[in-house]
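Chemist:
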Amino acid sequence: MLKFPIDIRQEDVARELAEIERKVATGMKQLTSMKDEDVDIGSTDKEIVYEREMWRLYHYKPLVDKKDIHPVPMLIVPPLINGYEVADLQPDRSLVRNFLREGIDVYLINWGYPKRCDMYLDWSDYVCDFIDDAVDRVRARHTLDKVNLFGICQGGTMSTCYSALNNDKVRNLVLTVTPIDFQRNLVPGKPHIGLLFQMGKTANVDLMRDAFGLIPADVLNVSFLMAAPFTLMFGKYADTLDILENREATLNFLRMEKWLFGGPGVSGAAYQTLVKNLLQGNELVKGEFSLDGEKVNLKNLTMPVLNIYAERDHLVPPACTTALGEHVGNKDAYEELCIKTGHIGIYTGGASQKILAPHASKWLKAH
Amino acid sequence: MDWSEQTNNLMKAWTDAQTNLWSGWLGWAQNAAGMAPSQPMFDPSQWFKMGVDTWSSGGSTAQRLAGNIFGTPDIMSRSISLLMKAWQGVAPKIEQGQPWRPDLQALLKTWQQEMAALPGRQAATASEFAELTKTLFGNWSPLTAPWLAMVSQAMTSGHPGAAFMSGTAGLSRMMGFEEGALPILTGVSELPRATVVREKMGKVLGAVDAMNDLRGAQGGFHAAIAEAMGKAIERTIEHIAKLAEKGEKITTVRDLMRTWFSVADGTLNEVFTTEDFLAKQDKMIQALMTFKVKQREALELIYEQMEIPTRGALDEAYRDIQDLKREVRKLRRALKDATEGTAGAKAPARKAGGKKTEAQDAGAEHAGA
Chain A
51 MLKFPIDIRQ
61 EDVARELAEI
71 ERKVATGMKQ
81 LTSMKDEDVD
91 IGSTDKEIVY
101 EREMWRLYHY
111 KPLVDKKDIH
121 PVPMLIVPPL
131 INGYEVADLQ
141 PDRSLVRNFL
151 REGIDVYLIN
161 WGYPKRCDMY
171 LDWSDYVCDF
181 IDDAVDRVRA
191 RHTLDKVNLF
201 GICQGGTMST
211 CYSALNNDKV
221 RNLVLTVTPI
231 DFQRNLVPGK
241 PHIGLLFQMG
251 KTANVDLMRD
261 AFGLIPADVL
271 NVSFLMAAPF
281 TLMFGKYADT
291 LDILENREAT
301 LNFLRMEKWL
311 FGGPGVSGAA
321 YQTLVKNLLQ
331 GNELVKGEFS
341 LDGEKVNLKN
351 LTMPVLNIYA
361 ERDHLVPPAC
371 TTALGEHVGN
381 KDAYEELCIK
391 TGHIGIYTGG
401 ASQKILAPHA
411 SKWLKAH
Chain B
553 MDWSEQTNNL
563 MKAWTDAQTN
573 LWSGWLGWAQ
583 NAAGMAPSQP
593 MFDPSQWFKM
603 GVDTWSSGGS
613 TAQRLAGNIF
623 GTPDIMSRSI
633 SLLMKAWQGV
643 APKIEQGQPW
653 RPDLQALLKT
663 WQQEMAALPG
673 RQAATASEFA
683 ELTKTLFGNW
693 SPLTAPWLAM
703 VSQAMTSGHP
713 GAAFMSGTAG
723 LSRMMGFEEG
733 ALPILTGVSE
743 LPRATVVREK
753 MGKVLGAVDA
763 MNDLRGAQGG
773 FHAAIAEAMG
783 KAIERTIEHI
793 AKLAEKGEKI
803 TTVRDLMRTW
813 FSVADGTLNE
823 VFTTEDFLAK
833 QDKMIQALMT
843 FKVKQREALE
853 LIYEQMEIPT
863 RGALDEAYRD
873 IQDLKREVRK
883 LRRALKDATE
893 GTAGAKAPAR
903 KAGGKKTEAQ
913 DAGAEHAGA
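As they're listed, the protein sequences go chains A and B. One gets the numbering used here by counting positions in the first sequence from 1 and adding 50 to each. One gets the numbering used here by counting positions in the second sequence from 1 and adding 552 to each.
Set out below in structure tokens:
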């Protein structure tokens, strides 16, 4: 005889809900005592060495003696979608800080918050003008011909394009969870993996650009949430009930929330290129992608390339990233590193703190 | 005690606990917000937001989280109520080892039909949320009400995908529906006809057509979501039935909720990648975007008549400025290349594989940009 499978007794329900009520009340007290400035992200000490239009070039203060700083600086290129703070979420979960501790001289582009007037900025502007400008500034500051480039997600795609067009200015290219071949997104039996790319394949992005001009950050956030709507929209907040009594744990949760939902919008033209040319057309691996009238030829990637991906990445499936190995111009100088984490965890996860920057730093120093 | 009895006891326990929870919160929230007690209300999370606004100004991250936390029991309540209603409908059959899916399908069919018809129903019955909600809670089935309330709450300001959000994260805002379709079109229709030539009237009618198309597309999207949710419910019941077969049990409300979230997400993921769903979603988004464009065109008609600069005119200016910036960039680059050529420098640095030796000058071409 089957036993009734929902064994939740009346007194247990009452006790559980009373406990939830208590936690909510405690949590509200905690939350209402927190100001937005308490939820600090991107807090590692830095100076603005250059600013232009809506973007800024940061240079981070070293955390090691001058004599221990690696002579070739590294420029981090974050994605246009989401803020740069993913690289510096909090002191104990900071890619930037980890690189500084390893003696890497770190520069970073903060793309800022584009406004409606920036809606026509396209990939040519970002790659051939802004990144080029930032690279030239760093080269000039260090009197070097070449610098190291580090790309984050879609910022990695832009870094790839830049390096292919300017291989005389890039000494080493490090990519993290970077989409290259956008058509390798499907994993049989795991529909949540690559869902974002799948949905984008049929999207009418021309119309979206016309309607929005500047694609709102919230529209982009919805796409990310679709991978697990109930868990991401409700489940994680229900789980948060258990940490609300701990101020530091709550602040850490809020830092991630602030980064996730505080990101910038994206210029319609840049978004159109990302979806139409790169995702739908898969032009990068087909050798059909052009910027400023010049073909982006991945064979020009002759510098050492370290391509780092996350094993459990559901947004940019590993196959989309590792496809680069088939296209680079110098396969002997191409390496991969797999980290057992997710798309965001690669930057903010506890385990990754001990792998990503230490490994990449060692690799950079050896090349 | 048979499963029907046990289910009824469970339902009673759940209802009683919820009543206590809500009444406890009411008192707490009223005290916290310093508001007058005993105001009739039905939605604690909405009521709570008023309290939070009293405590703090501006939208901080903590405040947003507070809203989401407070909304959590709300979605928990809706989720568990839905599952328990569904369970109540099929538990006796599962206990007796009889086919239970037909009974569930019958329940879900009504729910799905009502959900799919919501956009039209909303337009027809009331524009005010309170009115609409009264209708939902008063007239529709107990199984339907919690979910329709959630959808309705989201739909009040627009996008049906907000059904997922229980009104806690403003998905409607995401799709730009905050502008509100009806009031704007009402304004357009009040434009003095004598001043509107035929082709301009066409723009107004185009916006009206786009709105109708949007309602149709929303209906299709709702139907697809409702179907997916129906599948998710069926799979969750199936999951619970399997637990019974294995002699396992769910012993807490939160575990029941986690089970639902997990099974529902897995099911939705599968549906989201089907061609049929993607086509309906694309159609809905396309209709939404078209409506935004047509709405703007109709509005610009009014602005032009009043000699007020329009969004389109500004965007054109932005495009011209961006084109000019690119021209400047090219000219600077050409000037730099020419200067380097005169100075006997090597090939331009921009060419892939080229050499660049005068790094000290790097970036100078952008000075003052």
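Built from N, CA and C at the ideal position, the CB exists for glycine as well.
Could you tell me the distance, in whole angstroms, from the CA atom of residue 811(B) to the CA atom of residue 864(B)?
Modeler: Using only the alpha carbons, I get a separation of about 49 Å.
Chemist: According to DSSP, simplified to helix, strand and coil, what is residue 72(A)?
Modeler: Reduced to three states, the DSSP call for residue 72(A) is helix.
Chemist: By Cβ distance, which residues of its chain are closer than 7 Å to residue 559(B), with the 5 residues on each side in sequence left out?
Modeler: Excluding residues within five positions, the ones whose Cβ falls inside 7 Å are 639, 640, 643.
Chemist: On the premise that residue 646(B) lies in contact with residue 796(B), defined as a C-beta separation below 8 Å, what is that separation, rounded to the nearest angstrom?
Modeler: Their Cβ separation, rounded to whole angstroms, is 7 Å, which keeps residue 796(B) and residue 646(B) in contact under 8 Å.
Chemist: For the beta strand (DSSP E) containing residue 226(A), list its first residue and its last residue.
Modeler: It spans 220 to 226 - the beta strand (DSSP E) in which residue 226(A) sits, taken as one unbroken run.
Chemist: Exposed or buried, residue 213(A), counting other C-beta atoms within 10 Å across all chains shown (16 or more means buried)?
Modeler: Per the 10 Å Cβ criterion, buried.
Chemist: Any beta carbon from chain A within less than 8 Å of residue 845(B)'s own beta carbon?
Modeler: So, interface residue.
Chemist: Determine the burial state of residue 239(A): buried for a count of at least 16 other Cβ atoms within 10 Å of its Cβ, exposed for fewer.
Modeler: The residue is exposed, with fewer than 16 neighbouring Cβ atoms inside 10 Å.
Chemist: Give me the DSSP bridge partner(s) of residue 360(A).
Modeler: Residue 360(A) pairs with 389(A).
Chemist: Given a threshold of 16 other Cβ atoms within 10 Å of its Cβ, counted over all protein chains shown, does residue 150(A) qualify as buried or as exposed?
Modeler: Per the 10 Å Cβ criterion, buried.
Chemist: What are the partner residues of residue 140(A), as DSSP defines its beta bridges?
Modeler: Answer is 143(A).
Chemist: List the endpoints of the continuous alpha helix (DSSP H) containing residue 105(A).
Modeler: Unbroken run through residue 105(A) is the beta strand (DSSP E), 105 to 110; no alpha helix (DSSP H).
Chemist: Residue 278(A) touches chain B at which residues, Cβ-Cβ below 7 Å?
Modeler: By Cβ distance, chain B contributes 817.
Chemist: For residue 341(A), name the three-state secondary structure that DSSP assigns.
Modeler: Here residue 341(A) sits in strand by DSSP.
Chemist: In whole angstroms, give me the CA-to-CA distance for residue 60(A) and residue 816(B).
Modeler: Their backbone Cα atoms lie some 26 Å apart in a straight line.
Chemist: Based on DSSP bridge pairs, tell me the residues matched to residue 96(A).
Modeler: Answer by DSSP bridge pairing, in chain order: 110(A).
Chemist: Along the chain, where does the beta strand (DSSP E) that runs through residue 199(A) open and close?
Modeler: Where residue 199(A) is concerned, the enclosing beta strand (DSSP E) stretches over 197 to 202.
Chemist: Alpha carbon to alpha carbon, what distance is there between residue 175(A) and residue 852(B)?
Modeler: Computed Cα separation, rounded: 30 Å.
Chemist: Which residues, in order along the stretch 860 to 880 of chain B, keep a beta-carbon less than 9 Å from a beta-carbon of chain A?
Modeler: Flagged, chain order: 863, 866, 867, 869, 870, 871, 873, 874, 875, 877, 878.
Chemist: Please confirm whether residue 360(A) has its beta-carbon closer than 8 Å to some beta-carbon of chain B.
Modeler: Answer no: the Cβ-Cβ gap between residue 360(A) and chain B never drops below 8 Å.
Chemist: Tell me residue 265(A)'s beta-bridge partners as DSSP assigns them.
Modeler: Answer by DSSP bridge pairing, in chain order: 316(A).
Chemist: Report, in whole angstroms, the separation of the C-beta atoms of residue 170(A) and residue 871(B), which I expect to be a contact under 8 Å.
Modeler: Contact flag correct, Cβ pair sits at about 5 Å.
Chemist: CA-CA distance, residue 110(A) and residue 148(A)?
Modeler: Cα-Cα distance, rounded: 12 Å.
Chemist: Which residues in chain A have a C-beta closer than 7 Å to the C-beta of residue 642(B)? List them in chain order.
Modeler: Per Cβ cutoff of 7 Å: no residues; residue 642(B) is ~12 Å from chain A at best.
Chemist: Whose C-beta lies closer than 6 Å to the C-beta of residue 780(B) among residues of the same chain, with five residues either side of it excluded?
Modeler: Once the five neighbours on either side are set aside, the close Cβ partners of residue 780(B) are 820, 823.
Chemist: Pick helix, strand or coil for residue 101(A), following the three-state DSSP scheme.
Modeler: Of the three classes helix, strand and coil, the one that applies to residue 101(A) here is strand, per DSSP.
Chemist: My understanding is that residue 305(A) touches residue 140(A), with C-beta atoms under 8 Å, so please give their C-beta distance in whole angstroms.
Modeler: The Cβ separation is near 5 Å, so the contact holds.
Chemist: Are the CB atoms of residue 205(A) and residue 128(A) within a distance shorter than 8 Å?
Modeler: Their beta carbons are under 8 Å apart, which means residue 128(A) touches residue 205(A) by this criterion.
Chemist: Which residues, in order along the stretch 779 to 808 of chain B, keep a beta-carbon less than 8 Å from a beta-carbon of chain A?
Modeler: Listed in sequence order: 792, 793, 795, 796, 797, 799, 800, 801, 802, 803, 804, 805, 806, 808.
Chemist: For residue 789(B) versus residue 656(B), is the C-beta spacing smaller than 8 Å?
Modeler: It is a contact, given that the beta carbons lie within the stated cut-off.
Chemist: Can you tell me whether residue 654(B) is buried or exposed, with buried defined as 16 or more other CB within 10 angstroms of its CB?
Modeler: When all chains shown are included, residue 654(B) counts as exposed.
Chemist: Looking at chain B, is there any beta carbon in it that lies within less than 8 Å of the beta carbon of residue 140(A)?
Modeler: No - not a single Cβ of chain B is within 8 Å of the one on residue 140(A).
Chemist: What residues of chain A sit near residue 663(B), judged by a beta carbon separation below 7 Å?
Modeler: Here the premise fails: no neighbours, minimum Cβ distance about 17 Å.
Chemist: Buried or exposed: residue 414(A), going by 16 or more other Cβ atoms within 10 Å of its Cβ?
Modeler: Classification of residue 414(A): buried, given that the 10 Å Cβ count is 16 or more.
Chemist: Using a Cβ-Cβ cut-off of 7 Å (strictly less than) and excluding sequence neighbours within five positions of residue 766(B), which residues of its own chain qualify?
Modeler: So the list reads 839, 840, 843, once near-sequence residues are dropped.
Chemist: Cβ of residue 169(A) less than 8 Å from any chain B Cβ?
Modeler: Output row for residue 169(A): interface = yes.
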